[in-house]
Amino acid sequence: MNWIERPSAPLKAVILVGGEGTRLRPLTYWTPKPMVPVLNRPFLEHTIAYLKNYRVNNIILALSYRPEVIQNYFGDGNNWGVQLTYAVEDNPLGTAGAVKNAERYLDNTFVALNGDIFTEIDIADMLAFHRGKKAKVTIALTWVDNPCAFGIVETDSEGKVKRFVEKPSPSRVTTNWINAGIYLLEPEVLKYVPTNTHYMFEKGLFPLLLELGEPVYGYPFSGYWLDMGTPEQYLHLNCDLLLSKAKSTLVNSLSKDDVCCDKDVIIHPSAEIVGPAVIGSKCRIEQKAYIKGPVVIGPDCHIGDSTSLEVAVLWEGVKIGAGVSLKQCIIGTNTKIEASDQVINGVVTPAHTKVAQIKNTYSW
Ligand code: GTP
Numbered sequence: 510m511n512w513i514e515r516p517s518a519p520l521k522a523v524i525l526v527g528g529e530g531t532r533l534r535p536l537t538y539w540t541p542k543p544m545v546p547v548l549n550r551p552f553l554e555h556t557i558a559y560l561k562n563y564r565v566n567n568i569i570l571a572l573s574y575r576p577e578v579i580q581n582y583f584g585d586g587n588n589w590g591v592q593l594t595y596a597v598e599d600n601p602l603g604t605a606g607a608v609k610n611a612e613r614y615l616d617n618t619f620v621a622l623n624g625d626i627f628t629e630i631d632i633a634d635m636l637a638f639h640r641g642k643k644a645k646v647t648i649a650l651t652w653v654d655n656p657c658a659f660g661i662v663e664t665d666s667e668g669k670v671k672r673f674v675e676k677p678s679p680s681r682v683t684t685n686w687i688n689a690g691i692y693l694l695e696p697e698v699l700k701y702v703p704t705n706t707h708y709m710f711e712k713g714l715f716p717l718l719l720e721l722g723e724p725v726y727g728y729p730f731s732g733y734w735l736d737m738g739t740p741e742q743y744l745h746l747n748c749d750l751l752l753s754k755a756k757s758t759l760v761n762s763l764s765k766d767d768v769c770c771d772k773d774v775i776i777h778p779s780a781e782i783v784g785p786a787v788i789g790s791k792c793r794i795e796q797k798a799y800i801k802g803p804v805v806i807g808p809d810c811h812i813g814d815s816t817s818l819e820v821a822v823l824w825e826g827v828k829i830g831a832g833v834s835l836k837q838c839i840i841g842t843n844t845k846i847e848a849s850d851q852v853i854n855g856v857v858t859p860a861h862t863k864v865a866q867i868k869n870t871y872s873w
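Written out as structure tokens, the structure reads:
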């Protein structure tokens with residue numbers, strides 16, 4: 510990994526953590542999307558650790574949805590070795606509007622990123638590209654098989670952006686390179702963003718900059734990238750991290766058979782656990798339980814006798830009765846699953862039983 514080059518001014522980051530996380534419901538009724546646990550740590554902690562690894566220590570969180578949950582948890586960022594500043598919106602201002610709302614903290618080139626993206630992009634290399642092109646905006650581009658649910662970005666042979674097409678129908682797909690939600694921006698472009706108005710990068714600022722002939726570039730990269738905003742993708746991310754297909758600066762990589770237990774975990778000698786698995790503190794796993802990774806079990810969970818668990822993420826305080834079978838599922842905080850129940854490809858929360866939402870089975 511490259512460090513961000515010196516002696517130029519240190520790069521600041523703005524993380525957009527505003528959406529209600531409608532695609533992750535019902536899990537996000539109680540937990541704002543940036544706080545959903547990934548390997549038992551809030552998602553946003555992984556992003557902060559990733560930025561810190563690039564010496565991006567000055568991070569502005571642009572918040573609009575339940576900001577107090579995030580502010581109470583992270584405070585000034587000191588415990589994470591970073592300096593956090595909050596730019597809170599009274600009403601959601603959209604992606605560009607949220608950054609405009611943080612303009613007073615931005616005096617140099619900065620990185621802005623969607624708060625639901627997990628990536629291993631090399632920001633230092635992207636910054637070198639941005640500077641080499643003398644770009645006003647550089648948009649990270651990632652290649653996907655089916656770009657119809659995303660915004661495609663057409664570039665010329667030099668990487669200069671020619672056109673944006675948001676969520677194209679199959680007949681309008683001209684490239685598989687999509688906007689990855691990670692941008693390098695010069696602060697001067699914010700003069701085109703209206704104050705206190707809902708305004709988006711994708712539909713507002715970027716097309717306007719093209720019309721004005723400003724240098725907007727696309728930076729294609731091939732490293733890990735995932736938008737964790739749906740149950741499938743969220744489960745996928747946890748499994749990829751467990752299987753070391755993705756790496757988080759926050760956690761040591763696991764090998765295939767690793768079973769990582771936090772403190773005060775009690776496992777009955779007759780229970781069988783096949784890794785990779787992460788088990789939170791104070792969990793109790795009863796006799797003849799069978800756990801086959803990739804599996805994440807949050808703190809204070811109880812796994813009943815002869816229960817079988819395969820490809821699953823359990824949040825905190827989940828109680829699973831005896832003889833239950835869980836496969837390809839996510840179980841929300843404090844959910845109780847009755848004895849002998851079966852949950853396959855589902856999301857379950859205390860108020861929403863068996864919401865079958867996981868359409869694509871995770872395979873590896
Ligand atoms: P759903 O998950 O479907 O609710 O959408 P979302 O709004 O969370 O995601 P979307 O892809 O529309 O937004 C991309 C990123 O920008 C996400 O990280 C959002 O949290 C963030 N975002 C979207 N709108 C706002 C906003 O009004 N204010 C702030 N601060 N961030 C926003």
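Okay, so the sequence shown: first residue is 510 according to my numbering, each after it adds one. We put the beta carbon where it would ideally sit given N, CA and C, even for glycine.
Query                                                                                                                             : Result
Beta-bridge partners of residue 729, as assigned by DSSP                                                                          : 650
Outcome for residue 784 when other beta-carbon atoms lying within 10 angstroms are tallied against a minimum of 16                : buried
The stretch 647-666 / the stretch 730-743 touching (three or more Cβ pairs under 8 Å)                                             : yes
Stretch pair the stretch 801-817 + the stretch 827-845: three plus CB contacts closer than 8 Å                                    : yes
Three-state class that DSSP yields for residue 721 in the structure shown                                                         : coil
Residues near residue 660 in its chain [Cβ-Cβ closer than 8 Å; skip 5 each side]                                                  : 673, 674, 675, 676, 687, 688, 711
Residue 705 beta carbon near the ligand ZN (any heavy atom closer than 6 Å)                                                       : Inclusion of the ligand ZN in the displayed structure is not the case, the ligand content consisting of the ligand GTP alone.
Three-state secondary structure (DSSP) of residue 819                                                                             : strand
Local conformation of residue 851 per DSSP, three classes                                                                         : strand
Presumed contact (8 Å Cβ cut-off) between residue 701 and residue 603, rounded CB distance                                        : Actually they do not touch by this definition, with Cβ atoms about 14 Å apart.
Check: residue 601 C-beta below 6 Å from any heavy atom of the ligand GTP                                                         : yes
Heavy atom of the ligand GTP within 6 Å of residue 688 beta-carbon                                                                : no
Closest residue to residue 830 among 753, 790, 845, 803 (Cα-Cα distance)                                                          : 845
Cβ-based neighbour list, residue 774, same chain, cut-off 6 Å, excluding 5 preceding and 5 following                              : 788, 792
Identified DSSP bridge partners for residue 694                                                                                   : 619, 646
Whether residue 598 touches residue 699 by CB criterion (7 Å)                                                                     : no
Within 7 Å, strictly: CB atoms of residue 822 and residue 800                                                                     : no
beta-carbon residue 858 near the ligand GTP non-hydrogen atom, thresh 6 Å                                                         : no
Ranges of the alpha helix (DSSP H) found wholly within the stretch 558-604, counting only runs of at least 4                      : 576-583
Entirely enclosed alpha helix (DSSP H) segments - the stretch 735-761, minimum 4 residues                                         : 740-751
Sub-7 Å separation of residue 625 and residue 544 beta-carbons                                                                    : no
Chain-order list of residues whose beta-carbon lies under 7 Å from that of residue 515 (same chain, five-residue window excluded) : A caution first: residue 515 carries a pLDDT of 48, below 50, which makes its placement in the model unreliable, though a value can still be read off. Answer for residue 515: no residue qualifies.
Cβ neighbour criterion (16 or more within 10 Å) applied to residue 584                                                            : exposed
C-alpha gap between residue 758 and residue 776, whole angstroms                                                                  : 28 Å
Rounded distance between the beta-carbons of residue 871 and residue 748, thought under 8 Å                                       : 5 Å
Secondary structure of residue 871, DSSP reduced to three states                                                                  : coil
Identity of the residue in 721, 657, 753, 867 nearest residue 855 by Cα                                                           : 867
Exposure of residue 682, with buried meaning 16 or more beta-carbon neighbours within 10 Å                                        : exposed
Supposed close pair residue 858, residue 532 - CB separation, criterion 8 Å                                                       : With a Cβ gap of about 15 Å, residue 858 and residue 532 do not count as contacting.
Residue 675, enclosing beta strand (DSSP E) - first and last residue                                                              : 670-675
For residue 657, the three-state DSSP class (helix, strand or coil)                                                               : helix
Status (buried if at least 16 other CB within 10 Å, exposed otherwise) for residue 587                                            : exposed
Selected residue, minimal CA-CA separation from residue 696, among 557, 521, 615, 790                                             : 615
Test item: CB-CB of residue 529 and residue 574 under 7 Å                                                                         : yes
DSSP state of residue 802 mapped onto helix, strand, coil                                                                         : strand
heavy atom of the ligand GTP below 6 Å from residue 738 C-beta                                                                    : yes
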